[in-house]
Every structure is written in structure tokens, then in C-alpha cells.
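Numbering (my numbering), first residue to last: 2 to 296.
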């Protein structure tokens with residue numbers, strides 16, 4: 002189905018024409034003050050679900066703010082400066098891309114350029130994932146092999162994804178801001194993601210040979226800027242070109258009280274905006290959503 006090779010040829014399911022970026026990868030773009038993440042995901046020592054998703058989890062910053070509280074010093078009063086938490090935006094507004102693919106601009110803000118994972122785009126994805134492999138050494142292998150990804154050396158998970166990138170099998174899409182990879186989504190026929198069938202709430206709805214988009218990862222400096230939405234849009238187009246009858250997703254419904262905060266599968270409202278509909282709901286906050294690609 003695909004023709005991605007080490008020589009960099011573009012598979013037919015590519016979402017955007019032209020060669021992928023080949024220049025050196027750097028963090029951010031001029032004018033963007035957000036520092037590069039040290040690990041590409043949660044701290045390595047903390048066990049988390051694979052491929053952690055969007056959302057800024059940095060602790061709130063503290064700055065002194067003058068308050069009306071006072072303390073007495075003899076007959077006079079002295080104002081006490083208290084430190085209260087404040088949160089800055091994870092990304093300066095000038096650095097945030099808006100959703101869309103292929104690249105372009107909307108109101109002067111760069112859109113991410115979506116490209117398939119191939120041997121040529123692999124170095125950019127490895128830079129995005131960082132030493133932690135996006136989360137806890139997963140390297141997006143969870144939906145392929147399940148919890149076994151924890152039992153083998155992280156380098157094997159990385160090598161498995163790199164080999165997949167160099168093969169002719171679809172693996173996922175990479176979002177670029179210039180030459181820098183800022184987002185990722187896993188995209189493949191559901192049959193290739195065997196562990197979905199073992200997931201308690203995500204088993205097959207029917208025997209339709211759907212494609213699946215189960216996992217996202219966005220660079221911290223670009224979260225909240227529409228990268229996930231752009232990836233969903235591109236994934237829909239790519240799956241349709243590949244002949245998939247439908248594209249399936251397994252997001253978190255954040256409108257449900259007590260929903261999981263592990264948002265690596267994406268958020269249901271984003272998929273709804275792209276025409277996905279709920280086809281099963283075996284757990285309140287984890288719907289199975291699907292978009293028909295051919296009638």
C-alpha cells in the first residue's frame with residue numbers, strides 16, 4: 002500500500018506533497034521563548050500511560066503580589082507580600098500554529114505541515130519524542146504489543162518504530178512547524194494495532210476494516226494551538242486516500258464528570274468538530290468514535 006523507503010520516497014498515503022524537511026532540527030522557531038522539553042513527556046521515573054497527550058502539566062509559577070493582609074509592628078501596620086500561584090500560557094501566542102494541513106498561514110500564524118512518518122521524517126520524530134520516547138519509553142508501541150513494551154529495553158521500542166518508519170506500512174503522521182516536529186498521531190489499519198482488541202472498552206464494534214487514530218503527542222511549546230485538530234484532519238484525508246471505509250478514534254470525553262485526565266487518545270470534542278460520531282460507549286468517558294469515509 003505504501004512506498005516509504007530509506008531513500009525518502011513518499012508513500013501514496015502521504016498527506017502533503019513535496020519532500021519532507023531535511024535541514025537540521027532545532028527547538029522552537031525564532032521568537033518562541035518556550036524552552037525545549039527535557040524528555041518529550043512525563044518524567045521517566047513516574048509510571049504513566051503510554052504516549053501522554055496534550056495539556057500543560059507544568060507546576061504553577063509563583064510571583065509576589067501585594068495583598069491587603071497586614072501584620073502589626075507596635076502601633077503601625079506593615080503590608081505583607083504574599084506569593085500566589087499564577088499560570089502563564091504554555092506557548093506565546095505568536096508561536097502557536099493554528100489547525101490545518103498542508104502548511105500555510107491563518108492571520109499570520111503558521112499552520113503545521115503534516116507529513117507521514119518515513120525514514121526521512123524519523124529523525125524529527127525522534128527529536129520530538131526525546132529520550133523518554135514520548136512517555137515512559139513507549140515509542141508508541143503500546144497499541145501494537147500492549148504492556149510488553151515495559152518489559153523490553155526502551156531502545157527496542159525505539160528500533161521497532163524506526164523500522165516501521167522505513168517500511169512500506171503506515172505508522173502515523175508528523176506535524177511540522179518549519180523544520181521542527183511539533184506533533185504526532187499514530188495512524189494505521191486497526192488490524193495492525195492488535196492491543197486495541199484487548200482494551201476493555203475499545204473492542205471492535207463490528208467487522209468493518211476501519212483505520213484507527215488512537216494516540217497523539219504534541220510538543221509542549223505548541224499545545225493548545227490546534228496541532229491535534231490538524232492531525233485529525235490530515236488523518237481523515239490519508240485514511241480516505243488509502244481506501245479505508247471509516248476512521249475510528251478512542252478519545253476522552255472531557256464533558257463527563259470524573260473523566261480520566263490522561264489525554265493521549267485526544268479529546269472527544271475535537272473529533273466531533275471533524276464529523277466523528279459516537280458508535281459505542283462502554284465507559285462513560287471513553288467513547289468509540291467513527292467517521293465514515295465512503296458511502
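Every residue gets a Cβ at the ideal spot worked out from N, C-alpha and C, and that includes glycine.
| Check | Outcome |
| --- | --- |
| If we define contact as Cβ-Cβ less than 7 Å, is residue 286 a contact residue for chain D? | In the structure shown, chain D does not exist; there is a single protein chain. |
| Rounded to the nearest angstrom, what separates residue 200 and residue 227 at their Cα positions? | 28 Å |
| Could you give the DSSP three-state label for residue 293: helix, strand or coil? | strand |
| What do you get for residue 125, buried or exposed, if any count of 16 or more other CB atoms within 10 angstroms of its CB means buried? | buried |
| For residue 114, name the three-state secondary structure that DSSP assigns. | strand |
| In this structure, how does DSSP classify residue 144 when only helix, strand and coil are distinguished? | helix |
| If you follow the beta strand (DSSP E) that residue 217 is in, where does it begin and where does it stop? | 212 to 219 |
| Bridge partners of residue 282, per DSSP? | 288 |
| Kindly indicate the opening and closing residues of the beta strand (DSSP E) around residue 190. | 181 to 190 |
| With a threshold of 7 Å on Cβ separation, who are the neighbours of residue 123 within its own chain once the five nearest residues in sequence on each side are excluded? | 163 and 166 |
| Does at least one heavy atom of the ligand MG sit under 6 Å from the Cβ of residue 244? | The ligand MG is absent from the structure shown, which contains no ligands of any kind. |
| Is residue 178 helix, strand or coil when you go by DSSP? | strand |
| For residue 156, count neighbouring Cβ atoms within 10 angstroms of its own Cβ and tell me buried if that reaches 16, exposed if not. | exposed |
| How far does the alpha helix (DSSP H) with residue 129 in it extend, from its first residue to its last? | 123 to 130 |
| Is the segment 278 to 288 in contact with the segment 212 to 229, if contact means three or more CB pairs nearer than 8 Å? | no |
| Classify residue 274: buried if its beta carbon has 16 or more other beta carbons within 10 angstroms, exposed otherwise. | exposed |
| Here's the rule: buried if 16 or more other CB atoms are within 10 angstroms of the residue's CB, otherwise exposed. What is residue 215? | buried |
| What residue range is occupied by the uninterrupted alpha helix (DSSP H) comprising residue 231? | 228 to 242 |
| Can you check whether the CB of residue 203 is closer than 7 Å to the CB of residue 150? | no |
| Output the boundary residues of the beta strand (DSSP E) element that contains residue 172. | Careful: residue 172 lies outside any beta strand (DSSP E) and carries neither H nor E. |
| Measuring CA to CA, which of 154, 143, 249 and 153 is closest to residue 191? | 249 |
| Skipping 5 residues on each side, what residues in its chain have a beta carbon closer than 7 Å to that of residue 232? | 115, 174, 176, 184, 186 and 217 |
| In this structure, how does DSSP classify residue 206 when only helix, strand and coil are distinguished? | coil |
| Nearest to residue 119 by CA position, among 196, 169, 188 and 254, is which residue? | 169 |
| For residue 182, count neighbouring C-beta atoms within 10 Å of its own C-beta (all shown protein chains included) and say buried if the count is 16 or more, exposed if not. | buried |
| Got a sec, what are the start and stop residues for the alpha helix (DSSP H) residue 256 sits in? | No alpha helix (DSSP H) contains residue 256, which DSSP labels as neither H nor E. |
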